[in-house]
Structure formats: structure tokens, C-alpha cells
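**Q**
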Amino acid sequence: MTDETLSSTDQADTRPGGTKAVLAEFWHYFSENRGAVIGMWFFIAVILVAVLADVIAPHGPIEQYRDALLVPPVWQEGGDWRFILGTDAVGRDMASRLIYGSRFSLFVGLIVVALSLLVGVVVGLVSGFVGGAFDTIVMRIMDIILAFPSLLLALALVAILGPSLTNAMIAIAVVQQPHYVRLTRAAVMGERGKDYVTAARIAGVGPIRAMFFTILPNCMAPLIVQAALSFSSAILDAAALGFLGMGAQPPTPEWGTMLAEAREFILRAWWVVTFPGLAILLTVLAINLMGDGLRDALDPKLKRS
Amino acid sequence: MIAFLLRRIGLLIPTFIGVTIASFGFIRLLPGDPVLLMAGERGLTPERHEALLKQFGFDRPLWEQFLDYFFAIFQGDLGQSLVTKEPVFSEFLARFPATIELSLCAIIFAVALGIPAGMFAAVKRGSTYDHSIMGTALVGYSMPIFWWGLLLIIFFSGILKWTPVSGRISLMFFFPPVTGFMLIDSLLSGQKGAFTSAVSHLILPTVVLGTIPLAVIARQTRSAMLEVLSEDYVRTAKAKGLAPVRVIGVHALRNALIPVITTIGLQVGVLLAGAILTETIFSWPGIGKWMVDSIFRRDYPSVQGGLLLIAAIVMIVNLIVDLMYGLINPRIRHTGG
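If you're matching them up, the sequences are chains A and B in order.
So that you can map any letter, position 203 of the first sequence is 203 in this note's numbering, and since no number is skipped, the others follow by simple counting.
Numbers given in this note's numbering equal positions in the second sequence, counted from 1, plus 305.
What follows is the structure, given as C-alpha cells:
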């Protein structure tokens, strides 16, 4: 970044609500973190793969080639150019299944973050703003949820709801939502007593408007960082549930479920085990890299550490 | 200190009651009639159904059932497993040492590697070492450990044939459990090779379960260390000519460890969640595998009891961590934080 851009950001900052300036400053700090930028580009690539799955996938995700069972990847002896990453035990193309699988992981992350963020922020806002008995009860309920290891609670919830991808998403959202409640509540309690809130209230702003339009925009930074973190852990948890047979059900090409089906072949066909896990790892890693960059860019306390 | 202790315990009571309500509610939230659920696939005559409803007390008001359940917990009565007909509590106790042994090894592995790695990265801040250690830590943090376990099995058990694939000890050895810890029991048994066998079974699960805590501890140690290294007392210590090893190893590390200890304590939940996956992959006969098996066998009293006990353990460990934090950092005690 050159000095010129820096000073222009500073100038723009003095204007109230300069969205462009805020974004420019954000990008300045975010792009300083090379890992975060790499993570972002990889994540964008995964999104493109998911969106364009129908176009790029060479085969259907559940199409079986009975003449090509457990074919190794092309670069290995016995490989077949029709199946670049090989096939699984029932002759389905690994590459196509992985490509379609990206849809499930991104979908899980998106829905879980949206659900837990929405519920968590509303509950946290009200809890921090109203205080009193309501706040105490809400916080104790969050303590109870947090007393259970997240994966265990998600497993138990899926046992109640029945194993499926939808129920896995609901369970993971329930497990993650206390983090948002706590963060929002803490931020609201920090902002509640500040002059600009008092001024707004005196000017006749109602409690709902004060909560959502006056206070909430000033509590966004930790929430955005948390959203990135929980996006990646939602993908991991959903894959773990799939692996345990409690998430997406076969023949869905969800990455965790693919691993579960591949378990019995680990000593015979390394590719059916290696690729789905690698896909999970790289996607989660990319999001976590981005999360670190977001934290650096948004959290002024940690900015220069 | 006593006041601090009492305040902390006081905070736990409502949470504990809530946890019992949650585990009590578990069976009742399952779709369908609880008696039919417990009876499983076998059919029931209407008379038998009626009798069982009475026996389990499902015909009484909910709050009465809950009070019964609540007081039974304090007598160690968590109901009976539907599969083995044994008390859930003794089923749990029989498997608990296996999980403790694995978790302890995992956390020792994580601490022994994570703290030096984090310190080194902090001292060499901005260097290639720092970047590669932190990069590796982020990969570890992003690791789907169930896949990591399978990869290690492929490589070390399949290709190199160094370690066994599953279990706690080779089938060649048999001795009655004394402590429940295989490392100790195998030594006590005096059988030749038993200890080595137990160790070789433990290595891969330890690495798999310890990976995420290792990454978290390394990251936390680095950032705590960086914070401390810029403090005045560290500069003073350097200025008065103390050896760098002493400044970093004594003055800085001691203060940097305070947040790290909290982080280690918070890994207990992570370990127990990780144990579910690790034990499943390595057929490790601990509570994680038991919980998964119980869910699949629809052994709901076991699931219910396990949920309660695991939550209680997490709460107790968090309490101990809090107390330790108060002990090492007196500022917390007095501000009531």
C-alpha cells in the first residue's frame, strides 16, 4: 500500500458513514495478510466449483460404472482417463462426487451460520439490552448448552431428530448459537451506556430501533470473525456427523459420508479415503485463513500484534 | 479464596440442574412412546406395556418423574442399559479409564510440543520458522481428525506396518484390569512385551486426538508470549543483562503461561468430542465409542446417562481451571470476574 492511498483512506474516514472508505481500510489490513488473500481466492474457487458443478463435473455424482470399480487415479498404473481421480467401490467417479460434494459443505456452512447468527444475535441483543431476570435465564441456558461437548450434543440431537443432513444442520446451529449470544450480549453491554446511545434514546428512538440500528452496527466486528470461525467448524462437524453415519445419508456425495463409505477400503484403495478428506481440509483451511485475516482487519486490539 | 470458590460453585448449581433437565428431557423428546422405544423391535402385549409404563413411572406427572430422576442421580443410579442390563453408571466407569488414558496422553503430547513451538515462533517472530510453525498449526486446527486418523493408519499400519490398526493391546496378552489404565496394567502384569504392545496401540490415537489441542496451544502460547515480551519487566530483565534464555524461560514464560493454562483446561470439551471420533476409528473401548454405539443400538438410558456424566465432567474441569486461574492470577479473585 502506498502513502497516497493511506491518506485518502484517512480523509474519507472523517466523513460519517463512508462505506467505501471503511471497505478500503478493511481491504488494506486484510490484504496485508498474504495467507488470508490466498484463503479467499481458494474459497472463491470452491464457490465457483459448487455453482458450476453441473458444467464441470465429467459424470453424475451417483452414476455407477459397473466396468470400472475402484479404478485408481490416472497417474497410477491401471488409471483411466475417464476417471481422473479414480472411482469408488461401486464405480462412481471420485472427481465428480467431490465436485458435487462442495455444494453440501458450503450449503451446510451457510445455513448453520445464518441460523445461529440470526437467532444468536437477536437473543444476545435483547438479553444485553433488557438485562435482569431475562438475561440471567438466557445466559444459564447458554451455559447448559456449552457444558456439552459440541459434537456429542449434535449427535444426541440428531438421534432425537433422526439422521439427515437437514437435522445435522439444525443440531450444529443449536450447538454454535451460544457463542453468538455471548458475543452480542457482551458487545451490547459495552455499548449500551455510551453517549451516542443515550443521545439516540433521548431523541426519541424506540428500544427496537436502538437495538438493531443504533447499537448492532457497532458490534459487528467480533460477530463477523465468529461467523468465519463457525462456518469452518460447521463444515467439520457436518462431515464428522456424516462420517459417523448421522449426517447426510448415502448415496449423497457429502465429503464426510464419502469417507464413511470408504473406510473399509483404506488399505486397498488410498484414493477413496484421501481425496474427500483433503477436500474438507483445504476448504476448512481456506476459511480459517480468511478468518485470521478478518480478525486482523476488524479487531483493532489485535490489529498490530 | 474461599469466597471465590463458593461463588464459582454457586454459579454451577443452576447450570448443573439445567444439565439434568436436558438429559432427563432427552428420552422424552425422542419421537414415540418411551416404553416402546426401550422395548426396541420386540412387540409388547398391552398389559406388559401398561406394567412397564408404571414400572418406569411414565404414568406419573412429569415433575414427579424429574424429582425421582434427580435424586436417583445422587445415589449413582442412572438407570439400566437396555443392551447389557447393567447399571449405566458401572458401564460408564468400566470404560472411563480408557478415555482418560488416551486423553491424558493426547494433552501431554499437545503441551509438550505446543508450548515450545509457540515460544519458538514468538521469539523468532516474523521469521520463516514463525511462518511455518503457525502455518502448520493452522493446518492442524483445520484438520478433520477422523480423516487424519485414517491417513495415519494407511501410512503407519498399512505401508510401514509399524503400529497396529485398532484396540488397546495385542490379543496375545490377557490380564485382569487393575487400574483400568493399560500402560500401568501391562507393567503390573509382568508379561514380556505387554507394555510395548500397549504403547504401540496408543501412539496413533494419541497423535490424532492431540492434533487440534496441539494447534490451539501453539497458537495461544505464541500470542501470549508476544504480549508478554513487550512488557516493561521483560525489557528490564533484558536491560539488566540477564541471559536471553533466562529472560524468556523464566520471566516471560511464567506470565505467558497464565492464559495458556486456561486454554489447556478448555481443551477438555474438545478432547471429549474428539474422543468420539478417535475411539470410533481405532476401536478404542472408551466412552466416546460407547456413546456412538449406544446411539446406534438405541440404548437410550446409556446415552442419557453418558450425556449427563460427560457434561458433569466438563463442568468440574472448567471449575478447576477457573480456580487454578484464580490461584495463579490474584487479580481475578478480587474483581469477581
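For every residue, glycine included, the Cβ atom is placed at its ideal position computed from N, Cα and C.
Since we're looking at a predicted model, the values are computed, not measured.
For residue 590 of chain B, I'd like the list of residues in its chain whose CB is within less than 7 Å of its CB, leaving aside the five on either flank, ordered along the chain.
**A** 400, 403 and 473
**Q** Ignoring anything shorter than 3 residues or poking outside the stretch 346-379 of chain B, list the beta strand (DSSP E) runs there in chain order.
**A** Entirely contained in the stretch 346-379 of chain B, not one beta strand (DSSP E) run reaches 3 residues.
**Q** Here's the rule: buried if 16 or more other CB atoms are within 10 angstroms of the residue's CB, otherwise exposed. What is residue 545 of chain B?
**A** exposed
**Q** Strictly under 8 Å for the Cβ-Cβ distance: is residue 402 of chain B near chain A by that measure?
**A** no
**Q** Along the stretch 34-58 of chain A, what residues have a CB closer than 7 Å to any CB found in chain B?
**A** none
**Q** Helix, strand or coil, according to DSSP, for residue 1 of chain A in the structure here?
**A** With a pLDDT of 38 at residue 1 of chain A, under the threshold of 50, the modelled position of this residue cannot be trusted; read the value that follows with caution. Reduced to three states, the DSSP call for residue 1 of chain A is coil.
**Q** Can a CB atom of chain B be found closer than 8 Å to the CB of residue 296 of chain A?
**A** no
**Q** Within a Cβ cutoff of 7 Å, which residues of the same chain sit near residue 97 of chain A, ignoring the five residues on either side of it in sequence?
**A** 61, 253 and 258
**Q** So what's residue 283 of chain A in DSSP terms, helix, strand or just coil?
**A** helix
**Q** Alpha carbon to alpha carbon, how far is residue 137 of chain A from residue 531 of chain B? Give it in angstroms, no decimals.
**A** 38 Å
**Q** How is residue 394 of chain B classed by DSSP in three states: helix, strand or coil?
**A** helix
**Q** Run through chain A and tell me which residues come within less than 9 Å of residue 434 of chain B, C-beta to C-beta.
**A** Neighbours of residue 434 of chain B on chain A: none; closest Cβ ~16 Å, over 9 Å.
**Q** Any idea what DSSP makes of residue 195 of chain A, helix, strand or coil?
**A** helix
**Q** Is the beta carbon of residue 607 of chain B less than 8 Å from the beta carbon of residue 386 of chain B?
**A** The beta carbons of residue 607 of chain B and residue 386 of chain B sit closer together than 8 Å.
**Q** Between residue 297 of chain A and residue 30 of chain A, is the Cβ-Cβ spacing less than 8 Å?
**A** yes
**Q** Any beta-carbon of chain A closer than 8 Å to the one on residue 589 of chain B?
**A** no
**Q** From residue 199 of chain A to residue 251 of chain A, what distance separates their C-alpha atoms?
**A** 58 Å
**Q** Give the C-beta separation of residue 241 of chain A and residue 155 of chain A to the nearest angstrom, bearing in mind that I take them to be a contact with Cβ-Cβ under 8 Å.
**A** 7 Å
**Q** Note down, in chain order, each residue of its chain lying with its Cβ closer than 6 Å to the Cβ of residue 520 of chain B, except the 5 sequence neighbours on either side.
**A** 442, 445 and 446
**Q** Is residue 266 of chain A close to chain B? Criterion is C-beta to C-beta, closer than 8 Å.
**A** yes
**Q** So, is the C-beta of residue 523 of chain B closer than 8 Å to a C-beta in chain C?
**A** Within the model displayed, chain C is absent; protein chains A and B are what it includes.
**Q** Find the residues of chain B that neighbour residue 119 of chain A, judging by a C-beta separation of less than 9 Å, and give them in chain order.
**A** Simply none; closest approach about 18 Å.
**Q** Could you check what DSSP says for residue 249 of chain A in three-state terms: helix, strand or coil?
**A** coil
**Q** Can you tell me whether residue 355 of chain B is buried or exposed? The criterion is at least 16 other CB atoms within 10 Å of its CB, across all chains shown.
**A** exposed
**Q** Beta carbon of residue 102 of chain A, beta carbon of residue 49 of chain A: below 8 Å?
**A** yes
**Q** Measuring only between beta-carbons, confirm whether residue 143 of chain A sits less than 8 Å from chain B.
**A** yes
**Q** Can you tell which of A/23, A/42 and A/20 has its C-alpha closest to the C-alpha of residue 282 of chain A?
**A** Cα-wise, what sits closest to residue 282 of chain A is A/42.
**Q** Taking only the alpha-carbon atoms, compute the straight-line gap between residue 412 of chain B and residue 395 of chain B and give it to the nearest angstrom.
**A** 26 Å
**Q** Pick from A/71, A/218 and A/262: whose alpha carbon is nearest that of residue 22 of chain A?
**A** A/218
**Q** Helix, strand or coil for residue 257 of chain A, going by three-state DSSP, please let me know.
**A** helix
**Q** Here's the rule: buried if 16 or more other CB atoms are within 10 angstroms of the residue's CB, otherwise exposed. What is residue 304 of chain A?
**A** The predicted position of residue 304 of chain A is uncertain, since its pLDDT is 44 and thus under 50; no value can be drawn from it.
**Q** Ends of the alpha helix (DSSP H) at residue 620 of chain B?
**A** Taken as a continuous stretch (DSSP letters only), the alpha helix (DSSP H) holding residue 620 of chain B covers 605-633.
**Q** Determine, using beta carbons only, whether residue 452 of chain B comes closer than 8 Å to chain A.
**A** yes
**Q** Classify residue 468 of chain B as helix, strand or coil using the three-state DSSP reduction.
**A** coil
**Q** Counting only Cβ pairs nearer than 9 Å, list the residues of chain A close to residue 331 of chain B.
**A** 156, 159 and 160
**Q** Under 8 Å: do the stretch 587-604 of chain B and the stretch 312-323 of chain B share three or more Cβ pairs, one atom per stretch?
**A** no
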